[in-house]
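Worksheet: one structure, shown below.
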Amino acid sequence: MKCQFCEKPATFHITELTEPAGPQVMHLCEEHAKGFLQKGATPPVSAIAGALAKQIGQVGDDLEELDQKECPVCGISFFEFRNSGRLGCPYDYTHFESDLRPLLVNVHDKTKHVGKRPTRSAGTADSFARMIGLRREMEEAIEREDYERASEIRDELKAMEDPIRTPPSDPDETT
Amino acid sequence: MKRDADFDELARYPGEWMRGEGPESDIVISTRIRLARNLADFPFIRRCSDEDRLSIERTVRARMDSLTDQRWKSAHYVDLEPLSEIDRQLLVERQLISREIAESDGSRAVAFDVTEGYSVMINEEDHLRIQVMKSGLDVQNAWEQVNRIDDMLEEVILYAFHPRYGYLTACPTNVGTGLRVSVMLHLPALVITEQMDRVFRSMQRINVTVRGLYGEGSQYTGDFYQVSNQVTLGYTEAELLALVGEEVAPRIIEYERKARAALLKNNRDDLHDEVSRAMGILSTARKISSEETMHHLSKIRLGISLGLISELDVKVVNQLFLQSQSAHLQKLQGRVLGTAERHARRASFLQHHLAGKDDPTWN
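Chains W and E, in that order, give the protein sequences. Position 61 (the first sequence) corresponds to 61 in this note's numbering; numbering is contiguous. Position 21 (the second sequence) corresponds to 21 in this note's numbering; numbering is contiguous.
Pasting the structure below:
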């Protein structure tokens, strides 16, 4: 796909929320994307889009490979995330961790949470994958009327939710 | 929780946070704090099936029902899916829900309290968006309240929380604290003296976003600006609250006060003329759009705070800002109105209220 304003390939796709026309998708090359964003879009859109534009510049030729990478839990590809600016599930932060980190630096300038922590937590990041998978399995069991299996899964999910514990602190303290 | 809300009754009165009181309320309209939270065992909204969305809504509703807090029990829980467009629009105008959730599809809901001090949106961009609103500049109290609600919900809902990245959100711009502190400011003097560009520029360097509300893309200038933190990760909640509430907002308030003082000193007659003309138009027009109404009400609000108008209370102006919007007008009228009818209805509504009379069509 070509950029809407020139012959260069459109590596950058922005969904702009405008009134009253509604969401509008723009397909731009890196240069035009930067120009567009400097004019000032709405904050969340511009922040994520700006950071993505920067990152695309950093990734270069490997972009195509990165775009095809998919989350095993929710199935979202990096391309789809790049297009929409929205992730598909909590496990994406684990699966795309190395790809998201530069983005987080571009947006927040930092990559480590130092604020509030809940008293209860799912434990490790892998628990999200397990819980989302179990829930899906439970829905399938209900659909084929295997209520015994569905109730087993429900108990298992409940057991994962129940233990009250403070989340372990992050072992990687480098940044 | 109550399963519905009386929308006709809701339209008649402004919420607590619109009463035009609180610190710096001559310039600060309101303070809003929101937290973005997601359930650990569901995909984010974008990858949710219709069943997932329904299941999230039901799970959250059941868990909220299990809470024993008395104030929570008296809150309203409104299913947004079957609601009429006008009722959804009414909730948008009252800022209880976002335009995005009003216009999206599928299972979604909002829980809010009777005084409308807080609301929790279910299935917005994130599974949960908890927000608290206060009149004037009141960051600390808004935070304490939103934090209490978050603590309470956390007892019954398992959040998606990552030891390194904090509260996980659909958009990486909200990850970490999930906290957005927004202060809505009325800055007519900075607009008149053409200093807003300077304010925008000075804010860009300090992790804060300034955004114009209303008036964008129309022939009228918007005098309302929202200031909020841009970053959410790597800072404590206290740091983000201080950034907006103690550093940035007070600085802009000071600029606006200086601009107002200078205008009064150097251009008092021009300003008085402009304020009086705004009052004249709103008191006599036979039909008027909401954009034009906002524009003139903004001048009147400025006139009141500078003592150029004495016969009107800022509380009334705040109420007119709210109730002259489309959905409010139509709810108060009790029927759907076309554009031309709305413009005529709005004009007569404004005339009566500015004259301090009750509107005969409502009683």
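For each residue, glycine too, the CB sits at the ideal point set by N, CA and C.
Quiz item: Given 8 Å as the limit, is there contact between the segment 34–44 of chain E and the segment 122–138 of chain E, that is, 3 or more CB pairs closer than that?
Solution: Yes, the segment 34–44 of chain E is in contact with the segment 122–138 of chain E.
Quiz item: Is the Cβ of residue 34(E) closer than 7 Å to any Cβ of chain W?
Solution: The residue given as residue 34(E) occupies position 34 in the second sequence. So, not an interface residue.
Self-check item: Any C-beta of chain E under 7 Å from that of residue 125(W)
Solution: Here residue 125(W) refers to the residue found at position 125 when the first sequence is read from its first residue. Closer than 7 Å: yes.
Quiz prompt | Rounded distance between the beta-carbons of residue 327(E) and residue 89(E), thought under 8 Å | solution = By one-based count along the second sequence, residue 89(E) stands at place 89. By one-based count along the second sequence, residue 327(E) stands at place 327. Their Cβ separation, rounded to whole angstroms, is 4 Å, which keeps residue 89(E) and residue 327(E) in contact under 8 Å.
Exercise. Could you work out which residues of chain E lie near residue 176(W), taking near to mean beta carbons separated by less than 9 Å?
Key: The shown model of chain W, from 1 to 175, leaves out residue 176(W), and the question about it has no answer.
Quiz prompt | Reduced DSSP category for residue 166(E) - H, G, I as helix; E, B as strand; rest coil | solution = By one-based count along the second sequence, residue 166(E) stands at place 166. Three-state result, residue 166(E): strand.
Exercise. Can you pull the chain E residues whose beta carbon is under 7 Å from the beta carbon of residue 102(W), in chain order?
Key: For the purposes of this step, residue 102(W) is identified with residue 102 of the first sequence, where counting begins at 1. By Cβ distance, chain E contributes nothing, its closest Cβ being about 11 Å from residue 102(W), past 7 Å.
Exercise. Report the option in 238(E), 232(E) and 208(E) whose CA atom is closest to the CA atom of residue 415(E).
Key: Outside the shown range of chain E (1 to 363) lies residue 415(E), about which nothing can therefore be said.
Quiz item: Under three-state DSSP, which class holds residue 287(E)?
Solution: Indexing the second sequence from 1 puts residue 287(E) at position 287. Three-state result, residue 287(E): coil.
Quiz prompt | CA nearest to the CA of residue 19(E), picked from 350(E), 333(E), 342(E) and 318(E) | solution = What you label residue 19(E) is simply residue 19 of the second sequence in a count that begins at 1. Cα-wise, what sits closest to residue 19(E) is 318(E).
Quiz item: For the beta strand (DSSP E) that contains residue 52(E), what are its first and last residues?
Solution: The count along the second sequence starts at 1 and reaches residue 52(E) at position 52. Counting along the chain, residue 52(E) falls outside any beta strand (DSSP E), though it belongs to the alpha helix (DSSP H) covering 50–65.
Quiz item: With DSSP run on the structure shown, which of helix, strand or coil describes residue 22(E)?
Solution: Locating residue 22(E) in the second sequence gives position 22, counting from the first residue. Coil at residue 22(E), not helix or strand.
Exercise. Count the other CB atoms, across all protein chains shown, that sit within 10 Å of the CB of residue 73(E); report buried if there are 16 or more and exposed otherwise.
Key: Taking the second sequence and counting its residues from 1, one reaches residue 73(E) at position 73. Classification of residue 73(E): exposed, given that the 10 Å Cβ count is below 16.
Quiz prompt | Status (buried if at least 16 other CB within 10 Å, exposed otherwise) for residue 356(E) | solution = The residue labelled residue 356(E) in the question sits at position 356 within the second sequence. With fewer than 16 Cβ atoms within 10 Å of its Cβ, residue 356(E) is classed as exposed.
Self-check item: Through-space distance from residue 251(E) to residue 22(E), alpha-carbon basis
Solution: Residue 22(E) sits at position 22 when you count from the first residue of the second sequence. Residue 251(E) sits at position 251 when you count from the first residue of the second sequence. Computed Cα separation, rounded: 18 Å.
Quiz item: residue 125(W) and residue 73(W): beta carbons closer than 7 Å?
Solution: Within the first sequence, the letter at position 125 stands for residue 125(W). Within the first sequence, the letter at position 73 stands for residue 73(W). For the 7 Å CB-CB criterion, residue 125(W) and residue 73(W) do not form a contact.
Practice problem: Check each residue of the segment 294–320 of chain E: if its Cβ is closer than 9 Å to any Cβ of chain W, include it; give the result in chain order. | Solution: none
Quiz item: Roughly how many angstroms separate the alpha carbons of residue 134(W) and residue 157(W), rounded to a whole number?
Solution: To locate residue 134(W), count along the first sequence from 1; it is residue 134. To locate residue 157(W), count along the first sequence from 1; it is residue 157. Computed Cα separation, rounded: 7 Å.
Quiz item: Which residues, taken in chain order from the segment 34–52 of chain E, show a beta carbon closer than 7 Å to some beta carbon of chain W?
Solution: 38, 40, 41, 42, 43, 44, 46, 47 and 51
Self-check item: CB of residue 141(W) within 7 Å of CB of residue 154(W), strictly
Solution: What you label residue 141(W) is simply residue 141 of the first sequence in a count that begins at 1. What you label residue 154(W) is simply residue 154 of the first sequence in a count that begins at 1. Against a cut-off of 7 Å, the Cβ pair of residue 154(W) and residue 141(W) comes out as no contact.
Quiz item: Are residue 82(W) and residue 103(W) close, meaning C-beta to C-beta below 7 Å?
Solution: Counting from one through the first sequence, the residue named residue 82(W) turns up at place 82. Counting from one through the first sequence, the residue named residue 103(W) turns up at place 103. The answer is no: Cβ separation not under 7 Å.
Exercise. Can you grab the Cα-Cα spacing for the pair residue 8(E) / residue 143(W), in whole Å?
Key: Here residue 8(E) refers to the residue found at position 8 when the second sequence is read from its first residue. Here residue 143(W) refers to the residue found at position 143 when the first sequence is read from its first residue. Near 42 Å, if we compare the C-alpha coordinates of residue 143(W) and residue 8(E).
Practice problem: Determine the contact status of residue 15(E) and residue 116(E), defining contact as a CB-CB distance below 7 Å. | Solution: Numbered from 1 along the second sequence, position 15 holds the residue referred to as residue 15(E). Numbered from 1 along the second sequence, position 116 holds the residue referred to as residue 116(E). The answer is yes: Cβ separation under 7 Å.
Exercise. Just the C-alpha distance for residue 86(E) and residue 103(E), rounded to the nearest angstrom, thanks.
Key: Taking the second sequence and counting its residues from 1, the one referred to as residue 86(E) is at position 86. Taking the second sequence and counting its residues from 1, the one referred to as residue 103(E) is at position 103. When rounded, the distance between both Cα atoms is 11 Å.
Quiz item: For residue 6(E), does the count of other Cβ atoms within 10 angstroms reach 16, so buried, or fall short, so exposed?
Solution: Counting from one through the second sequence, the residue named residue 6(E) turns up at place 6. Residue 6(E) should be labelled exposed.
Self-check item: Spatial neighbours of residue 17(E) in its chain, beta-carbon cut-off 6 Å, leaving aside the 5 residues before and after
Solution: Walking along the second sequence from the start, residue 17(E) turns up at place 17. For residue 17(E), where only same-chain residues beyond five positions count, the Cβ hits under 6 Å are 30, 133, 134 and 135.
Self-check item: 7 Å Cβ cut-off: residues of chain E touching residue 132(W)
Solution: Within the first sequence, numbered from 1, the residue matching residue 132(W) stands at position 132. Near residue 132(W) (Cβ distances below 7 Å), the residues of chain E are 41, 42 and 43.
Practice problem: Classify residue 188(E) as buried or exposed, calling it buried when 16 or more other Cβ atoms lie within 10 Å of its own Cβ. | Solution: Here residue 188(E) refers to the residue found at position 188 of the second sequence. Buried, by the Cβ-count rule.
Quiz item: Cβ atoms of residue 118(E) and residue 1(E): under 7 Å apart, would you say?
Solution: For the purposes of this step, residue 1(E) is taken as residue 1 along the second sequence, with counting starting at 1. For the purposes of this step, residue 118(E) is taken as residue 118 along the second sequence, with counting starting at 1. No; because the gap between Cβ atoms is not below 7 Å, this pair is not in contact.
Self-check item: Nearest to residue 230(E) (by Cα), restricted to the options 107(W), 100(W), 84(W) and 70(W)
Solution: Indexing the second sequence from 1 puts residue 230(E) at position 230. The shortest Cα separation from residue 230(E) among 107(W), 100(W), 84(W) and 70(W) belongs to 107(W).
Quiz item: Taking Cβ-Cβ distances shorter than 7 Å, what residues in chain W pair up with residue 168(E)?
Solution: As a first step, residue 168(E) must be located in the second sequence, where it is residue number 168. Within 7 Å Cβ-Cβ: 90 and 93.
Quiz item: residue 161(E) CB to nearest chain W CB: under 7 Å?
Solution: Within the second sequence, numbered from 1, the residue matching residue 161(E) stands at position 161. So yes, residue 161(E) belongs to the interface.
Quiz item: Are the C-beta atoms of residue 212(E) and some chain W residue less than 7 Å apart?
Solution: Stepping through the second sequence from its first residue, residue 212(E) is reached at position 212. For residue 212(E), the nearest beta carbon of chain W is not closer than 7 Å to its own beta carbon.
Practice problem: Just the chain E side, please: which residues come within less than 9 Å of residue 112(W) by C-beta, in chain order? | Solution: Here residue 112(W) is taken as the residue at index 112 of the first sequence, counted from 1. Those are 164, 165, 166, 176, 233 and 234, listed as they occur along chain E.
Exercise. Identify each residue in the segment 66–87 of chain W for which the Cβ-Cβ distance to at least one residue of chain E is less than 8 Å, and report them in chain order.
Key: 73, 74, 75, 76, 84, 85, 86 and 87
Quiz item: For chain W, is any of its Cβ atoms less than 7 Å away from the one on residue 172(E)?
Solution: Residue mapping note: residue 172(E) aligns to position 172 of the second sequence, counting from 1. Contacts with chain W at 7 Å (Cβ-Cβ) include residue 172(E).
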